[in-house]
């Protein structure tokens with residue numbers, strides 16, 4: 010299936026990080042939506058302004074609600090049972106990675122990251138996998 014069939018959401022309060030990840034993914038043909046924090050993304054989903062993503066890049070240090078809490082809330086929704094959550098953070102500690110896994114994340118990327126790291130994770134979880142049909 011072509012990459013552009015996959016939907017990827019970025020939740021990060023850094024406009025620069027959003028633009029970097031968006032650029033990497035759009036060049037590969039993915040559909041990308043970006044939000045500054047979890048509640049903003051949840052509202053967009055509830056109002057059907059965006060479709061449920063196949064993969065979410067979730068920053069840990071978000072305003073209003075940290076990434077761990079947002080990930081747990083997404084995991085509670087039936088629509089998100091197949092969505093892959095990838096935590097991104099400047100924190101590289103084992104405790105942060107374990108908390109991410111406990112919140113439902115499948116992977117963890119440490120900032121600063123290389124473009125290839127973003128694509129490696131996307132390919133690992135979405136390559137040859139069908140896009141979610143909702």
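In the working numbering, the protein residues as written are 10 to 143. Ideal placement from N, C-alpha and C gives every residue a C-beta, glycine not left out. Quick caveat, the model's predicted, so the values are computed rather than measured.
> By Cβ distance below 7 Å, which residues in the same chain neighbour residue 12 in space, the five residues on each side in sequence not counted?
Replying inline: Reliability fails at residue 12, whose pLDDT of 48 lies under 50, so the model's placement of it is uncertain and the value that follows must be treated cautiously. Within the same chain, residue 12 has close Cβ partners 37, 38 and 39.
> What residue does the beta strand (DSSP E) around residue 78 start on, and which one ends it?
Replying inline: Careful: residue 78 lies outside any beta strand (DSSP E), inside the alpha helix (DSSP H) at 76-84.
>> Please return the same chain residues whose Cβ sits closer than 8 Å to the Cβ of residue 78, not counting the five positions on each side in sequence.
In response: 47 and 112
>> To the nearest angstrom, how far is the alpha carbon of residue 66 from that of residue 136?
In response: 16 Å
>> Tell me whether the region 20-28 and the region 56-63 touch, counting them as touching only if at least three CB pairs, one residue from each stretch, are closer than 8 Å.
In response: no
> Buried or exposed: residue 104, going by 16 or more other Cβ atoms within 10 Å of its Cβ?
Replying inline: exposed
> When we look at the beta-carbon of residue 107 and count the other beta-carbons within 10 Å, is it buried (16 or more) or exposed?
Replying inline: exposed
> To the nearest whole angstrom, what separates the beta carbons of residue 80 and residue 114, a pair I think is in contact under 8 Å?
Replying inline: 6 Å
> For the putative contact between residue 4 and residue 41, defined by C-beta atoms under 8 Å, what is the C-beta separation to the nearest angstrom?
Replying inline: Because the chain spans 10 through 143 in this model, residue 4 falls outside it and cannot be assessed.
> Does the distance from the CB of residue 68 to the CB of residue 22 come in under 9 Å?
Replying inline: yes
>> Could you tell me the alpha carbon to alpha carbon distance between residue 121 and residue 99, rounded to whole angstroms?
In response: 7 Å
>> Let me confirm a value: residue 2 is counted as buried when at least 16 other C-beta atoms fall within 10 Å, else exposed. Which label applies?
In response: Lying outside 10 to 143, the shown extent of the chain, residue 2 is not represented and no answer is given.
> So, helix, strand or coil for residue 58, using DSSP?
Replying inline: coil
> Residue ranges of each alpha helix (DSSP H) run of no fewer than 4 residues wholly in the region 98-137, ordered along the chain?
Replying inline: 103-111 and 124-135
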